[in-house]
Amino acid sequence: MEFTPSMQKKLMSTAEAVERFVPDGAMVSLGGFTVNRNPMLITREIIRAGRRDLHLAVHSHGQALDLLIGAGCVSKVELAYGGVARFAPTGIRFRAAASRGDILVEDYSNFHMSLRFLAGSLGLPFIPSRSGLGTDVLEKWGFGPEVRGQGKIPEKKMVVDQNPFAEEEDPVVLLPALEPDVTLLHAQCVGTGGTVRIKGLTFLDVEQARASDAVIVTCEEIVPEDYLRQDPDQNTLPSFLVDAVIPAPVGAHPTACHQYYDYDPTHLKLYRDYASSDDGFQRYLEEWVLPFQTQEEYLAKVGAPDLERIKANRVLGYAPGLDRR
Amino acid sequence: MEFTPSMQKKLMSTAEAVERFVPDGAMVSLGGFTVNRNPMLITREIIRAGRRDLHLAVHSHGQALDLLIGAGCVSKVELAYGGVARFAPTGIRFRAAASRGDILVEDYSNFHMSLRFLAGSLGLPFIPSRSGLGTDVLEKWGFGPEVRGQGKIPEKKMVVDQNPFAEEEDPVVLLPALEPDVTLLHAQCVGTGGTVRIKGLTFLDVEQARASDAVIVTCEEIVPEDYLRQDPDQNTLPSFLVDAVIPAPVGAHPTACHQYYDYDPTHLKLYRDYASSDDGFQRYLEEWVLPFQTQEEYLAKVGAPDLERIKANRVLGYAPGLDRR
Amino acid sequence: MSDYTRKEIMAISAGRLVNDGDILFAGTGLSMLAATVAKHIYAPNSVVFFETGGIDPSLHELPLAVADPRVMSGTCLNTGLIDAFAVLVHRRLRTIAFLGAAQIDPHGNLNSTALGDYHRPSARFPGAGGALDAASLAYGSIIFMAHQKRRFVPQVDYLSSPGWLSGGDSRQKAGFKRGGPMAVVTDLGVMKFDEQTKYMYLEQYYPGVAPEQVRENTGFELDVSQAREAEPPNEKELTTLRRDIDPGRLILG
Amino acid sequence: MSDYTRKEIMAISAGRLVNDGDILFAGTGLSMLAATVAKHIYAPNSVVFFETGGIDPSLHELPLAVADPRVMSGTCLNTGLIDAFAVLVHRRLRTIAFLGAAQIDPHGNLNSTALGDYHRPSARFPGAGGALDAASLAYGSIIFMAHQKRRFVPQVDYLSSPGWLSGGDSRQKAGFKRGGPMAVVTDLGVMKFDEQTKYMYLEQYYPGVAPEQVRENTGFELDVSQAREAEPPNEKELTTLRRDIDPGRLILG
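Rendered as structure tokens:
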């Protein structure tokens with residue numbers, strides 16, 4: 009396959025992508041959702057590179073969030089939900105770090121975060137909603153005065169104001185836009201010209217990518233650009249919004265990638281067991297994160313039987329009959 | 009093909025759809041864009057039914073807008089652009105009616121209208137933007153005090169306010185949400201279960217439909233629901249947001265429908281010639297709008313050679329080599 | 004009469020609250036079972052959708068998460084969060100949300116965020132997710148809870164998702180245009196809210212549960228005087244649930 | 004040196020203003036030719052997109068409207084208006100918009116709405132469309148005008164699309180974070196704006212046009228003292244335009 013010159017420039021190693029686009033202190037947004045399309049390859053690279061003081065901005069996030077927090081890469085999180093579904097209804101290292109005060113946590117809802125990324129993607133400075141009126145999400149700010157107004161953290165978490173188009177009293181919540189430094193996505197495929205196609209639910213990936221200064225995409229496969237342009241209705245992002253493209257087969261493991269593989273219940277339970285203690289989590293890092301320079305090495309560790317077990321049925325999109333108990 | 013019971017209820021004649029969902033005085037939003045996917049079959053039915061006092065809310069609109077205005081169905085329009093591309097850079101009957109004061113016209117931009125429909129689709133009472141600061145679009149209101157605050161017309165066209173998250177001066181334009189009574193769409197296909205698929209650009213159709221109390225969809229073809237559910241990433245609207253479905257082959261003529269047919273330059277020029285005088289426009293109505301009870305009768309009048317000429321190449325999506333001068 | 008588990012009667016009791024045509028905003032676990040049992044039996048024209056953007060999936064297999072690839076299979080539409088919330092909030096739709104939480108107060112306000120001090124919580128939960136939005140903007144909500152004194156508290160430590168707020172018309176005064184909790188379904192019975200005061204009361208206790216037992220497991224005053232014994236699950240409900248919906252007993256256990 | 008038409012030199016003069024990598028927001032007519040000629044010759048890494056949502060179409064045939072099915076063919080992405088505006092406004096992109104209008108004032112403000120009284124206009128135009136948004140939020144804009152006194156006016160009857168507003172730093176003070184007209188390309192030459200005052204001046208006049216002629220066709224004071232004669236279109240530009248871009252002379256006439 010022949011790459012366009014601009015695509016050639018985007019193809020790089022995970023190490024280079026992290027080096028260039030994920031500095032210490034960066035505001036990072038993670039694509040995917042709880043157990044689906046987490047950008048795990050890049051997440052492991054960020055941990056290996058020893059990044060510190062990251063500020064995560066996510067809606068509902070699971071495995072990548074928990075791993076980054078556990079590894080000490082994160083100082084601040086704004087989120088709606090931190091968990092890995094029934095495997096860890098509350099993210100285990102997220103819960104531990106929040107309870108110890110190791111990280112600052114600021115809470116929103118999924119609609120709040122969706123609207124904030126949407127606003128960022130459209131250049132709107134803020135966006136109103138009625139969601140959350142009367143709740144503590146308005147009242148309790150996780151980021152204190154010591155960080156407010158610094159960098160990309162607005163002075164105010166949110167503001168309640170009157171709808172100027174209503175005659176009677178009509179309070180609305182105004183939410184500040186999000187404009188992350190970088191968004192990390194895992195997609196099904198990228199064309200040789202850099203066009204990105206995500207299959208199945210896109211979650212908030214498009215809005216997150218558009219709201220960001222930079223975008224790193226890992227993908228299951230690189231495919232001929234012509235193929236993607238035969239049905240452009242199905243494509244997700246244009247190449248000019250993407251900075252780095254990294255081929256990463258099974259790059260979302262142990263989370264799922266629709267039409268390619270299911271989430272890996274065996275690994276998610278293994279993670280839960282390791283993560284339940286500080287020592288155990290450290291062992292997880294040593295066994296499952298730190299040793300691998302390449303995705304191939306990681307997949308060798310996962311092993312063929314496990315990969316075979318989670319392989320998706322091409323029509324159904326998941327692994328039917330997979331033991332998920 | 010077998011229809012689901014809920015789809016069965018949605019299938020109705022154009023006359024019934026107009027009778028039920030487009031009363032006199034309704035706020036109507038038109039799908040499509042200038043020369044593409046205008047809901048022409050429903051437009052002609054609205055004229056035949058003698059609807060009056062309609063309030064149109066559109067972004068950039070062409071043929072359907074011009075016809076409805078010319079036929080005297082419309083008393084108010086809010087829009088960003090009224091024209092049929094090079095065939096009539098300003099819609100001919102729109103221009104005449106605006107100059108005579110036959111209709112009230114309130115101007116916005118395409119981004120304004122996009123954001124207002126988006127806000128309506130998400131239940132946001134208003135939405136901010138920086139577009140249009142310092143322009144007459146802020147200052148000059150087309151709807152006067154005699155209609156403001158009535159029905160769905162807000163007291164204020166727009167409001168300039170300070171961004172509450174900025175320290176320094178940062179004015180933003182606040183735009184009221186749009187919540188039309190009904191949106192008229194023309195789609196490529198609808199499934200036997202009521203799922204709608206639009207191919208090519210969707211323009212603002214999705215946001216318009218979601219912002220509305222009711223939605224009427226005409227479509228080129230009804231297809232098996234199973235087919236649409238084999239690749240749900242490509243679908244556009246769920247059946248529960250659609251109230252009426254009307255099979256309407258070539259239902260956007262003389263505007264285009266991607267992958268089915270191109271716009272019809274011959275007819276658009278014919279329309280321009282007729283529409284250039286009041287008498288001529290009346291003749292157009294008598295020859296091309298009023299006589300036809302069914303789409304079949306209309307297509308017989310258009311004639312096979314014209315339909316053949318504009319037929320789309322299935323790969324390119326338009327009619328290559330069509331004489332468009 | 005067959006035997007049945009508490010989880011089964013919970014799913015079925017919640018499912019019975021659904022009207023045909025309701026658009027069901029489902030989470031996972033019991034809420035998925037309730038939504039599906041409702042659609043199979045009482046509400047064939049209802050549609051199940053997920054905040055992640057999956058609308059009307061086939062559910063040949065039960066999803067274990069709202070981002071499970073099973074919510075993207077056989078749907079009428081695969082979209083994203085923005086699109087899902089557009090459905091949730093739509094004024095023309097009777098959207099009913101199934102919610103859960105760590106704590107609930109007498110007016111149906113929920114805590115799914117933290118216990119103790121927000122900044123140094125004694126227990127941190129996942130957060131409000133989309134439940135806050137559903138509780139704010141859906142047509143109505145049905146809440147699942149484990150009926151325990153420590154969960155039914157006079158005041159939640161953190162108000163994540165709005166119920167009837169301080170009761171009466173306080174929800175409307177806060178700016179909400181619709182919505183509010185319709186019922187709380189627990190392992191002991193079904194609670195509803197007084198029409199005027201919006202304070203919780205016991206409406207149904209399951210066969211084998213005494214109203215007094217419900218009061219004892221509730222951390223605030225609960226009126227049990229209007230309660231009746233719940234109709235036990237019937238054969239059709241149990242068969243549908245066990246054979247068609249969760250044959251692997253993934254959620255039923 | 005070949006002969007060329009005014010339309011040809013206009014398209015080519017505008018195309019020369021594009022930098023490689025610019026993301027081009029094109030309308031139809033001349034702006035489509037300018038964007039395409041730029042991409043073919045000077046800016047191979049640039050991408051043309053349309054406010055309707057078509058991004059990077061193949062343009063085997065020239066679209067006559069931004070909603071022409073030809074803007075949906077061979078694209079990298081077919082989306083809609085919201086998505087197109089997300090591209091237009093993106094802070095990381097150098098988005099350049101090609102605009103036209105019925106009237107322009109010395110600071111590049113445009114009228115595409117109405118002449119005379121707004122409520123009973125002596126002439127009604129189509130309206131601001133997406134030009135208002137591009138003029139407000141793009142990185143910069145290039146304006147096409149027919150050079151006539153009645154179009155180059157001291158004050159526009161209706162300010163549809165913001166240029167430099169009243170000049171100086173008034174655009175920034177109004178709240179805009181970037182953007183503003185970079186050049187005005189007419190059938191007589193190319194105008195730019197003074198860096199300090201943001202008042203229009205003549206930068207280039209086409210071969211065969213006298214600077215005085217440009218002044219005479221401008222309805223306000225125009226400084227022509229800094230003007231130079233424009234480089235005529237070269238063979239490559241003309242061949243590309245005529246053979247590759249508009250062989251049917253749909254727009255070139």
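Chains as they are written, first to last, in my numbering: chain U, 9 to 333; chain E, 9 to 333; chain L, 4 to 256; chain H, 4 to 256.
Every residue gets a Cβ at the ideal spot worked out from N, C-alpha and C, and that includes glycine.
- Ser164 (chain H) is bridged by DSSP to H:Leu113.
- Judged by beta-carbon spacing, Gln207 (chain H) lies within the 8 angstroms limit of Gly192 (chain H), meaning their Cβ atoms are closer than that value.
- His43 (chain L) carries a helical assignment under DSSP once its states are collapsed to helix, strand and coil.
- Using a 10 angstroms sphere on the CB of Glu294 (chain E), the tally of other CB atoms stays under 16, which defines it as exposed.
- At least one C-beta of chain L is nearer than 8 angstroms to the C-beta of Phe248 (chain E).
- Inter-residue distance for Asp61 (chain U) and Ile161 (chain U) is about 14 angstroms (C-alpha atoms, whole angstroms).
- DSSP places Ile111 (chain E) in the coil class of the three-state scheme, outside both helix and strand.
- With its beta carbon at least 8 angstroms from every one in chain E, Tyr209 (chain H) lies outside the interface.
- For Arg95 (chain L), the neighbours in chain E by C-beta distance under 7 angstroms run, in chain order, Asp221.
- In the structure shown, Tyr269 (chain E) adopts extended strand secondary structure according to DSSP, grouped into three states.
- For Met185 (chain L), there is no enclosing alpha helix (DSSP H); the enclosing beta strand (DSSP E) covers residues Pro184 to Thr189.
- Distance check between Gln151 (chain H) and each of H:Glu219, H:Glu215 and H:Met75 places H:Glu219 closest, using alpha-carbon atoms only.
- Between the segment 167-175 of chain H and the segment 120-138 of chain H, the count of Cβ pairs shorter than 8 angstroms is below three; the stretches do not touch.
- The beta carbon of Phe134 (chain U) lies closer than 7 angstroms to those of Ala127, Leu182, Leu183, Pro184 and Ala185 in the same chain, with the five residues before and after it left out.
- Non-local beta-carbon contacts of Met9 (chain U) in its own chain, meaning distances under 7 angstroms to residues more than five positions away in sequence, involve Thr200, Ile230 and Pro232 in chain order.
- One thing to note: Met148 (chain L) has its Cβ no nearer than 8 angstroms to the Cβ of Thr200 (chain L).
- At a cut-off of 8 angstroms between C-beta atoms, Ile26 (chain L) counts as an interface residue with respect to chain E.
- Per the C-alpha coordinates, the member of U:Pro47, U:Gly140 and U:Glu53 positioned closest to Val66 (chain U) is U:Pro47.
- Between Glu27 (chain U) and the set U:Glu163, U:Ile55 and U:Ile77, the nearest pair of CA atoms involves U:Ile55.
- Listed in chain order, the alpha helix (DSSP H) elements of length 4 or more contained wholly in the segment 167-243 of chain E are 213-219 and 233-237.
- Bridge pairing for His63 (chain E): E:Met35 and E:Lys84 [DSSP].
- Between the segment 276-295 of chain E and the segment 92-103 of chain E there are three or more C-beta pairs closer than 8 angstroms, enough to call the two in contact.
- Note on geometry: alpha-carbon atoms of Arg154 (chain H) and Arg333 (chain E) lie some 26 angstroms from one another.
- Within chain E, no C-beta atom comes nearer than 7 angstroms to that of Ala57 (chain U); the closest sits roughly 33 angstroms away.
- Relative to the Cα of Leu162 (chain L), the nearest Cα in the group L:Ile58, L:Asn112, L:Ile145 and L:Gly183 belongs to L:Asn112.
- Distance from the CA of Thr51 (chain U) to the CA of Pro236 (chain H), rounded to the nearest whole angstrom, comes to 52 angstroms.
- The shortest C-alpha to C-alpha distance from Tyr268 (chain E) to any of E:Met35, E:His194, E:Gly131 and E:Glu176 is the one to E:His194.
- Rounded to whole angstroms, Leu132 (chain U) and Met35 (chain L) show a C-alpha spacing of 36 angstroms.
- The shortest CA-to-CA distance from Ile26 (chain L) to any of L:Thr78, L:Gly77, L:Ala17 and L:Ala38 is the one to L:Ala38.
- The residue among L:Thr116, L:Lys180 and L:Met185 with its C-alpha nearest the C-alpha of Ile146 (chain L) is L:Met185.
- DSSP, read as helix, strand or coil, puts Ser144 (chain H) in strand.
- Under the DSSP assignment, Gly211 (chain H) falls outside any alpha helix (DSSP H); it carries neither an H nor an E label.
- For the 8 angstroms CB-CB criterion, Ser139 (chain L) and Arg124 (chain U) do not form a contact.
- Each residue's CA atom was taken as its position, placing Glu175 (chain U) and Val43 (chain E) some 39 angstroms apart.
- DSSP places Pro153 (chain E) outside any alpha helix (DSSP H), giving it a letter other than H or E.
- Asp314 (chain U) sits close to Asp272 (chain U), with the two beta carbons spaced by under 8 angstroms.
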